[in-house]
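Read through the structure below, which is laid out as structure tokens, and then see the notes.
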Amino acid sequence: MPFRRVFLPAAAVLAAAAVSVPLSHAEAPARVGAGVSAGVSAGVGARVGDGVLEPVALASLTGWGADDAAAAFDAFRRTCAAPGPKPPQAVGVTGHAADLAAACAAAADVPADEAKKFFEGWFSAYRIVRPASGAEPERRLGFLTGYFEPELVGSLEPGPGYTAPVLARPDDLVTLAPGETAPGLDPVYKAGRRTTTGLEPYPDRAAIEDGAVAAHTKPVLWLRDAVDLFVLQVQGSGRARLPDGRSVRVLYDGKNGQPYTSIGKLLVAEGHLPLNGLSLERWTTWLRANPDHARRLMRKNASYVFFRVEPVEDARLGPPGAAGAPLSPGRSMAVDGNLWRYGLPFFLEGKLPGQPGRGHLVIAADTGSAILGPARGDLYVGTGAKAGVAAGDLHDRMGFVVLLPKPVASPTGEPRP
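Numbers -26 to -1, 1 to 391, taken from mature numbering (1 follows the signal peptide of the UniProt record, and there is no 0), label the letters of the sequence shown in order.
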């Protein structure tokens, strides 16, 4: 997340084919205008990114009849009720805003046991296909990973066992909207520092750790060590258990805009750990056992995330995603937010770990740095260590079917294009 960024707002392990760090939803880059025509509902054969939409009947999809549409319907209504992303999504995302708003309004009066009927009545389904190009054959499968909300140990005050400060958003940090640039600031930077002469690059991780922004921020929480803080920043948000037994939610509240570097990629490239089996537990254990290397490697990631602390209102739900709604375990998915409108349902064609049958209806509610392209998703799986393991196990080829809202009448009475 609101906004992230979540989380900003992140998979627990490296996606084996990508050799990337666990996905940080706090690191979403902007690719403005990458969708179909601005704000319209895509039709048959429409191109979205490098994909083409192929119409398909929902009832014909393997697993559609057996899936729990009511769980996805709950996530859909929650996303509909969210305040929305701030800043708004870029022009060019697929799915007409008015058509989706009409479906959201209709959903308010639909009982949960009629969820499947609702989706069938208000949406048209399109399989996302990447057509053959040159030597590359047609592809009908995309790639799905998982991310989770870490549960850490923290304190509102520093002390023995609580040495890593979680910093609040600095008062001189200026965040650029997706696609926005600032005079004199290299477009590689997604945020800047306000000065008397304009914006300049915000200090990187090493400089921040050395006190470069101490006059502009303060800690909102203390974690046990720098590795826990790094995990929190990679995931984009988390929960912290306090000494008195309470839990608080630690939410993304901005980043320094510096480029992100995968620590997983560094560990593999330097030969410290093999790619095979590189789980969150394994690389964090290695970092703690090698503190000198750990500090050097973590500082190679110039990106730095700032946070705010809020109460945990519903322990069953995750933090707010980029859409502004609390994430639903197993039903909220991060998508390329510059291609797809938040709130769109997607049907995943394939077997998910721990799920019976094949096929799973999810809702676009988040985004992330590695979530690029029309058939790429990152499924939010929940909170805590077990969720982290489940997220790490999820890195599979998967079919993607998007459900686009059926056109409703425009203010002139004509169907929307």
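All residues carry an ideal CB built from backbone N, CA and C; glycine is no exception.
Values in this document were obtained by computation on a predicted structure and should not be read as measured data.
Query	Result
Check whether Ala99 and Val30 have beta carbons under 7 Å apart	yes
Same chain, Cβ closer than 6 Å to Ala200, five either side skipped, listed in chain order	Ala138
Whether Phe280 touches Arg143 by CB criterion (7 Å)	yes
CB contact flag (Pro319, Leu335, <7 Å)	yes
Closest by C-alpha distance to Ala189, when choosing among Asp370, Trp96, Val375 and Leu141	Leu141
Glu28 in three-state terms, based on DSSP	strand
Local conformation of Asp73 per DSSP, three classes	helix
Gly185 burial status per 10 Å Cβ neighbour count (16 or more: buried)	exposed
Buried versus exposed, by CB contacts within 10 Å (16 or more), Ser277	buried
Pro265 - containing alpha helix (DSSP H), residue span	Pro265 to Arg273
Between the CA atoms of Gln207 and Pro248 - distance to the nearest angstrom	23 Å
Burial state of Phe374, where buried means 16 or more other Cβ atoms lie within 10 Å	buried
Which of helix, strand or coil DSSP assigns to Arg262	helix
For Arg213 and Arg223, believed in contact at Cβ under 8 Å, the rounded distance	6 Å
Lys90: first and last residue of the uninterrupted alpha helix (DSSP H) it sits in	Ala89 to Trp96
Unbroken beta strand (DSSP E) run spanning Leu240, endpoints	Note, Leu240: premise wrong, no beta strand (DSSP E); alpha helix (DSSP H) at Ile237 to Ala243.
As assigned by DSSP and simplified to three states, the class of Ser34	helix
Residue from Gly366, Gly331, Glu88 and Leu313 with nearest C-alpha to Arg256	Gly366
Beta-carbon gap between Lys274 and Thr235 smaller than 7 Å	yes
Asp227 - DSSP class collapsed to helix/strand/coil	strand
Beta bridge counterpart(s) of Gly135 as assigned by DSSP	None, per the DSSP bridge assignment.
Spatial neighbours of Thr53 in its chain, beta-carbon cut-off 7 Å, leaving aside the 5 residues before and after	Ala297, Ala299, Tyr316, Gly317, Ile337 and Ala339
8 Å contact criterion, which Gly295 and Pro303 should meet: CB distance rounded	Going by Cβ atoms, the distance from Gly295 to Pro303 rounds to 12 Å, so no, they are not a contact pair.
Residue range of the alpha helix (DSSP H) that includes Gly362	Ala359 to Asp367
Ala165 beta carbon less than 7 Å from that of Asn230	yes
Buried versus exposed, by CB contacts within 10 Å (16 or more), Asp41	buried
Within 7 Å, strictly: CB atoms of Leu271 and Phe97	no
Cβ pair Val194, Val283 closer than 7 Å	yes
Alpha-carbon to alpha-carbon, Gly37 and Phe47	16 Å
Glu183 - DSSP class collapsed to helix/strand/coil	helix
Buried or exposed by the 16-neighbour rule on C-beta atoms within 10 Å, applied to Glu112	exposed
Entirely enclosed alpha helix (DSSP H) segments - the stretch 141 to 191, minimum 4 residues	179 to 183
Residue range of the unbroken alpha helix (DSSP H) whose run includes Thr68	That residue, Thr68, is in no alpha helix (DSSP H); it is neither H nor E in DSSP.
Whole-angstrom distance between Leu173 and residue 395, CA atom to CA atom	Absent from the model: residue 395. The displayed extent of the chain is -26 to 391, so no value can be given.
Contiguous beta strand (DSSP E) assignments of at least 3 residues, all confined to the stretch 263 to 348	279 to 285, 306 to 308, 319 to 323 and 334 to 340
With 16 other Cβ atoms within 10 Å as the buried cut-off, status of Val67	buried
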